[in-house]
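Take a look at the structure below.
Number of protein chains: 2
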Amino acid sequence: MVNYNEKANVFKALSDGNRLKIIDILSCGERCACKILEFFDFTQPTLSHHMKVLAEIGLVRIRKEGKWNHYSLNLEKYEDILNFLDHIFYEKEDCICRVIDQAEKLQAQVKV
Amino acid sequence: MVNYNEKANVFKALSDGNRLKIIDILSCGERCACKILEFFDFTQPTLSHHMKVLAEIGLVRIRKEGKWNHYSLNLEKYEDILNFLDHIFYEKEDCICRVIDQAEKLQAQVKV
DNA sequence: CCCTTAGATAGACACTTGTCTATGTATCTA
DNA sequence: TAGATACATAGACAAGTGTCTATCTAAGGG
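Quick note, the sequences are listed as chains A and B, same order.
Per my numbering, the first sequence starts with residue 10, numbered consecutively.
Per my numbering, the second sequence starts with residue 10, numbered consecutively.
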């Protein structure tokens, strides 16, 4: 059984333009928080917030080194997203509505 | 140049568990609004709202027939999403940060 | 040992969003 | 033509979110 709300949280993390830009930046490789900040106009606490959102759902990894935080993408999580999208967009044997359709047919048979 | 905010709106549409479930339902084929509603506990105006969100970003198509609305997935838009995700998650020649890195190198040369 | 720097946290605030009830509109049918 | 049905719209409201300023913590460097 799919937990749609749990999956929705992943897309919630992706539903901000600044966070998409952060991902784009990290696609070139690991980068320090203060370097990432240079790409934006917002303040340091705001970046801290965005990085927390991305890290909490597992899309971004943190490597702490002294007073620096080095961030990088977790591509495994990205693959998870693709697999889930594939699952909900394409027809499948265990589709949620097949179950209902089957139940309707059975009910119709009972009435007859 | 990528418009991150525009793309973020697509993920905003996907950032609700009920809407993900709607997509999952539609993956089996076209379905009428009142049939979709049977899968949920919320009211008809709420479904109307969710379908509007999905239709406005182009993920779902509407075929009006008398008083019925038949909804179906627009897989082309889905492909767009995959392409965009691929673009921001994987390293590329025109990466946003390469431009910056290049600028830094040039600046360093000037100083020398 | 102080000062600087990297980052986190707290609290405030405007804005957005998901949901509801109430009501409107358009289509079908007896 | 009157009622029923499918869907949309308006307005309200609680909860969530992105941003800020102010402040705190911890690590480095003179």
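Heads up, the beta-carbon is just placed ideally off N, CA and C, and yes, glycines get one too.
These numbers were taken from a predicted model, which means no experiment stands behind them.
Under 7 angstroms between beta-carbons, which chain A residues line up against residue i? List them in chain order, please.
i, result
"PHE20/B", "PHE20, LEU23, SER24"
"TYR99/B", "SER36"
"TYR80/B", "Within 7 angstroms Cβ-Cβ: nothing; TYR80/B doesn't reach chain A, min ~12 angstroms."
"ILE32/B", "ILE97, PHE98"
"ILE71/B", "By Cβ distance, chain A contributes nothing, its closest Cβ being about 18 angstroms from ILE71/B, past 7 angstroms."
Check the Cβ of residue i against every Cβ in chain A and list those closer than 9 angstroms, keeping chain order.
i, result
"ALA17/B", "LEU23, SER24, ASP25, GLY26, ASN27, ARG28, LEU29"
Pick from the options: whose alpha carbon is nearest that of residue i?
i, options, result
"ARG28/A", "GLU74/A, TYR13/A, LEU82/A", "LEU82/A"
"TYR80/B", "TYR13/B, CYS37/B, ASN12/B, LYS16/B", "CYS37/B"
"ARG72/B", "MET10/B, ALA42/B, GLU15/B", "ALA42/B"
"CYS106/A", "HIS59/B, GLU47/B, GLU88/B, ASP25/B", "GLU47/B"
"TRP77/A", "SER24/A, LYS44/A, ILE97/A", "LYS44/A"
"LEU84/A", "HIS59/B, MET60/B, ASP103/B, ASP95/B", "ASP95/B"
"MET60/A", "ASP103/A, MET10/A, ASP25/A", "ASP25/A"
"LYS16/A", "ASP89/A, PHE51/A, GLU74/A, TYR99/A", "ASP89/A"
Residue i by DSSP, collapsed to three states: which one?
i, result
"CYS104/A", "coil"
"CYS43/A", "helix"
"VAL11/A", "coil"
"LEU35/A", "helix"
"LYS120/B", "Confidence in LYS120/B is poor, its pLDDT being 46 and thus under 50, which makes the residue's placement unreliable; the coordinate value appears in the next sentence. Three-state DSSP puts LYS120/B in a helix."
"LEU29/B", "helix"
"LEU23/A", "helix"
Which residues in the same chain have their Cβ closer than 7 angstroms to the Cβ of residue i, if we skip the five residues on either side of it in sequence?
i, result
"LEU63/B", "ALA22, ARG28, ILE31, VAL69"
"GLN53/A", "LEU46"
"TYR13/A", "none"
"THR55/A", "none"
Looking only at its chain, what residues have a beta carbon closer than 8 angstroms to the beta carbon of residue i, apart from the 5 residues adjacent to it on each side?
i, result
"ILE66/A", "ASN18, VAL19, ALA22, LYS86"
"ARG40/A", "ILE34, HIS79, TYR80, SER81"
"LEU91/A", "none"
Anything in chain B within Cβ reach of residue i, meaning under 8 angstroms, just list it in chain order.
i, result
"CYS43/A", "None at all; the shortest Cβ gap to chain B is about 13 angstroms."
"LEU84/A", "PHE98"
"VAL62/A", "Near VAL62/A there are no residues of chain B at all, since even the closest Cβ is about 12 angstroms away, more than 8 angstroms."
Below 7 angstroms on C-beta distance, what does residue i contact in chain B?
i, result
"ASN14/A", "GLY26"
Flag residue i as yes when its Cβ comes closer than 8 angstroms to any non-hydrogen atom of the ligand NAD, and as no otherwise.
i, result
"LEU82/A", "Ligands displayed in this structure: none; no statement on the ligand NAD is therefore possible."
Could you work out which residues of chain B lie near residue i, taking near to mean beta carbons separated by less than 9 angstroms?
i, result
"ILE105/A", "LYS30, ASP33, ILE34, SER36, CYS37, PHE48"
Which runs of the alpha helix (DSSP H) spanning at least 4 residues fall entirely within the stretch 48-100 of chain B, listed in chain order?
-> 53-65, 84-98
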